[in-house]
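Working notes, beginning with the structure itself.
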Amino acid sequence: MTDDDRFEDELRSLRPRAASDAARRLTAARLAAPPPKPHTGRRLAGAAVAVSAAAALLAAVLTAGPADTPPRPGAGAENGGDGATAPAGCDCRVRFRRPGTARPVRLAPPSARGRPSAAAPALVRGLPGPSGSLDPDPRAALRS
Amino acid sequence: MSEAGPDWESWFDATAPALVLFARQWTDSHADAEDVVQEAFVRFWRAGRHAAEDPKAYLFASVKRAALDARRGRLRRRRREAEAGRDRRPNEPVFESALERDEWRAGVEAALATLPEGQREVLVLKVWGGLTFPQIAAVLGVPPNTAASRHRYALEALRRRLAEEAVP
C-alpha cells in the first residue's frame, strides 16, 4: 500500500453528511407523483411534425397529375387527353386557378396601353419619328 | 403509477451523501446541494437509469449539470441580495465527524476549498464517490489519464496543505 493509498483511506474515513430526512421525503413524494407534462418545446416539436405531415399531404393532393384524374374534355395529348375530341371553340389549354379567386388577368401589349413603344412611333399621328421628320398619316398608307 | 419502492431508496441511501458532497462544490449550503441532488435524482430515476450505460457515472454527471444550472440562478439571486444588503449564510460543514476529529475535518475542508476545481471534483468522485478513473473520465468528459493525473496532483496538494497547517 502506497502513501497515496493510505492518505486516501484516511480521507475516506471522513463521511460526507447524509441527506436529510426532508430531502428523502421530498424525493419520495416527487417519484410517487405522476411525471410532469411534456416540455413546451416537445409540444412545439409535435405540432411541427403534424404541420409538416399536413403540408406533405396537401402537396401530394395538389401535384396529383393526369394519372390520378381523368383528362378534361377536349384536353390535348400533353394533358392526358386526345386533342381530336375537343369541341369546336373550346380552349384546350389547361389553366390553373384556385377556386373562388379572380380569373388571371391577361395584360395587353405595351403599345395598346397608351404608351407607344419606341418601335412604333409612326402609328402616332403628327409626332416625329426616329428620323425627325413627320410621319405620313398611317390611314393614308393603309388606303394606298 | 408509483415509481417509489425499495429500489430507489437503496439507490438514494447509497449514493446521496457522495452526491450531496459533489454538489456542494457549486452550492453555498447543504440544503441547496440537497435540492440539486433531489432534482437530478428524480430525473435520473424517471429516465436516465434505463438509458445510461453506466448509471452511477450518469447520476454524478446529472448532479453536476443541475448544480451548474442552480449556480447560474444563484448568481443572479446573489446580485439582487447584495443590492438589498442581506447577509450571506455562514459556511456549513460538508463532512460528519466526532468532536475529537473536528479539527481534522475542518482542515480537510479548508484544504479542499483551495484546490483547483478540476482536481477537487476528481478527488471527491474517487475518494467519496467510489468511482473508477474511466467512470470519472466519463462524468467530466476528460481522458482517463487526465483524471488520474488530476487525482495525483490533488492528493499531493492536499497533503502539503494539511502538513503546513499542522506546523505551528
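Listed in order, the protein sequences are those of chains A and B. Residues in the first sequence are numbered from 1 upward in steps of one, following the numbering used here. Residues in the second sequence are numbered from 1 upward in steps of one, following the numbering used here. The beta carbon of each residue, even a glycine, is placed where N, CA and C say it ideally should be. Keep in mind that this is a model prediction, so the values were computed, not measured.
| ARG80/B (DSSP reduced to helix, strand or coil) | When secondary structure is reduced to three states using DSSP, ARG80/B falls in the helix class.
| task | Reducing DSSP to helix, strand and coil, say where TYR103/B ends up. | result | Position check: residue 103/B holds Glu in this sequence, whereas Tyr was assumed. In the three-state scheme derived from DSSP, where H, G and I count as helix and E and B as strand, GLU103/B is classed as helix.
| Would you report the Cα separation of GLY118/B and PHE41/B, rounded to the nearest angstrom? | Going from the Cα of GLY118/B to the Cα of PHE41/B covers about 23 Å.
| message | Comparing C-alpha positions only, which one of TRP45/B, PRO143/B and LYS64/B sits nearest to VAL36/B? | response | Cα-wise, what sits closest to VAL36/B is LYS64/B.
| query | From ALA113/B to ALA106/B, what distance separates their C-alpha atoms? | reply | Approximately 11 Å, taken between the alpha carbons.
| Is the beta carbon of VAL94/B less than 9 Å from the beta carbon of LEU11/A? | Their beta carbons are not under 9 Å apart, which means VAL94/B does not touch LEU11/A by this criterion.
| field | Helix, strand or coil at PRO16/A [DSSP, three-state] | value | Three-state DSSP puts PRO16/A in a strand.
| request: Measure from the C-beta of SER97/B to each C-beta in chain A and report whether the shortest distance is under 9 Å. | output: Yes, because at least one Cβ of chain A sits closer than 9 Å to the Cβ of SER97/B.
| query | On the three-state DSSP scale, how would you describe GLU96/B? | reply | In the structure shown, GLU96/B sits in a strand (DSSP, three-state: E or B).
| Reference HIS151/B; option with closest CA among GLU164/B, LEU162/B and LEU115/B | Comparing Cα positions, the closest option is LEU115/B.
| request: Return helix, strand or coil for GLU164/B, following the three-state DSSP convention. | output: GLU164/B: helix per DSSP, three-state reduction.
| Same chain, Cβ closer than 6 Å to PHE133/B, five either side skipped, listed in chain order | Closer than 6 Å at the Cβ level, and outside the excluded window around PHE133/B, lie PRO144, ALA147 and ALA148.
| said: Going by DSSP, what residue range makes up the alpha helix (DSSP H) through VAL122/B? | reply: Taken as a continuous stretch (DSSP letters only), the alpha helix (DSSP H) holding VAL122/B covers 117-123.
| said: Let me make sure I understand the geometry here. Which of ASP32/B, PHE44/B and VAL122/B has the alpha-carbon closest to that of LEU251/B? | reply: Limits of chain B in this structure are 1 at one end and 168 at the other, which puts residue 251/B out of reach.
| said: Can you give me the C-alpha to C-alpha distance between ALA33/A and ALA51/B, rounded to a whole angstrom? | reply: Distance between the alpha carbons of ALA33/A and ALA51/B is about 21 Å.
| Straight-line gap, ALA110/B to PRO35/A (C-alpha atoms, nearest Å) | Distance between the alpha carbons of ALA110/B and PRO35/A: 41 Å.
| request: Kindly give me the distance between the Cβ atoms of GLU92/B and SER10/B, rounded to whole angstroms, as I take these residues to be in contact under 8 Å. | output: Actually they are not in contact, since the Cβ atoms of GLU92/B and SER10/B sit about 27 Å apart, beyond 8 Å.
| Enclosing alpha helix (DSSP H) for LEU131/B [first to last residue] | That residue, LEU131/B, is in no alpha helix (DSSP H); it is neither H nor E in DSSP.
| request: Going by CA-CA distance only, name the one from ALA57/B, LEU99/B, TRP26/B and GLY129/B that's closest to LEU75/B. | output: TRP26/B is the residue among ALA57/B, LEU99/B, TRP26/B and GLY129/B whose C-alpha sits nearest the C-alpha of LEU75/B.
| message | Using a Cβ-Cβ cutoff of 8 Å, what residues of the region 36-50 of chain B are near chain A? List them in chain order. | response | The residues in question are VAL37, GLN38, PHE41, VAL42, TRP45 and ARG46.
| request: Check whether the Cβ atoms of ALA23/B and ALA61/B lie closer than 9 Å to each other. | output: Contact flag unset, no.
| message | So VAL127/B contacts chain A; which residues on that side make the cut at Cβ distance below 7 Å? | response | Close partners of VAL127/B in chain A (Cβ separation under 7 Å): GLU8, LEU11 and ARG12.
| Nearest-angstrom Cα separation, counted from ALA57/B out to ALA18/B | Cα to Cα, ALA18/B sits roughly 12 Å from ALA57/B.
| Assuming LEU125/B contacts VAL142/B under a Cβ cut-off of 8 Å, what Cβ separation, rounded to an integer in Å, is found between them? | By a beta-carbon distance limit of 8 Å, LEU125/B does not contact VAL142/B. Their separation comes to about 11 Å.
| Any beta-carbon of chain B closer than 9 Å to the one on ALA45/A? | Nearest CB-CB separation between ALA45/A and chain B: not below the 9 Å threshold.
| Continuous alpha helix (DSSP H) stretch holding GLN38/B: start and end | It spans 30-43 - the alpha helix (DSSP H) in which GLN38/B sits, taken as one unbroken run.
| task | Would you mind giving the Cβ-Cβ distance between ALA98/B and ARG120/B, rounded to the nearest angstrom? I have them listed as a contact below 8 Å. | result | With a Cβ gap of about 24 Å, ALA98/B and ARG120/B do not count as contacting.
| query | Over what stretch of residues does the alpha helix (DSSP H) that includes THR27/A continue unbroken? | reply | Counting along the chain, the unbroken alpha helix (DSSP H) around THR27/A starts and ends at 21-32.
| Can you name, in chain order, every residue of its own chain whose Cβ lies under 8 Å from the Cβ of SER20/A, other than the five neighbours on each side? | Within its own chain, no residue has a Cβ closer than 8 Å to the Cβ of SER20/A once the five positions on either side in sequence are excluded.
| message | Any heavy atom of the ligand ZN closer than 8 Å to the beta-carbon of GLN119/B? | response | Here there are no bound small molecules, and the ligand ZN is not part of this structure.
| query | ALA163/B: which of TRP104/B, GLU100/B and ARG78/B sits nearest, CA to CA? | reply | Of the candidates TRP104/B, GLU100/B and ARG78/B, the one whose C-alpha sits nearest the C-alpha of ALA163/B is TRP104/B.
| task | Inspect the beta-carbon positions of ARG17/A and GLU39/B and report whether they are closer than 9 Å. | result | Judged by beta-carbon spacing, GLU39/B lies beyond the 9 Å limit of ARG17/A, meaning their Cβ atoms are not closer than that value.
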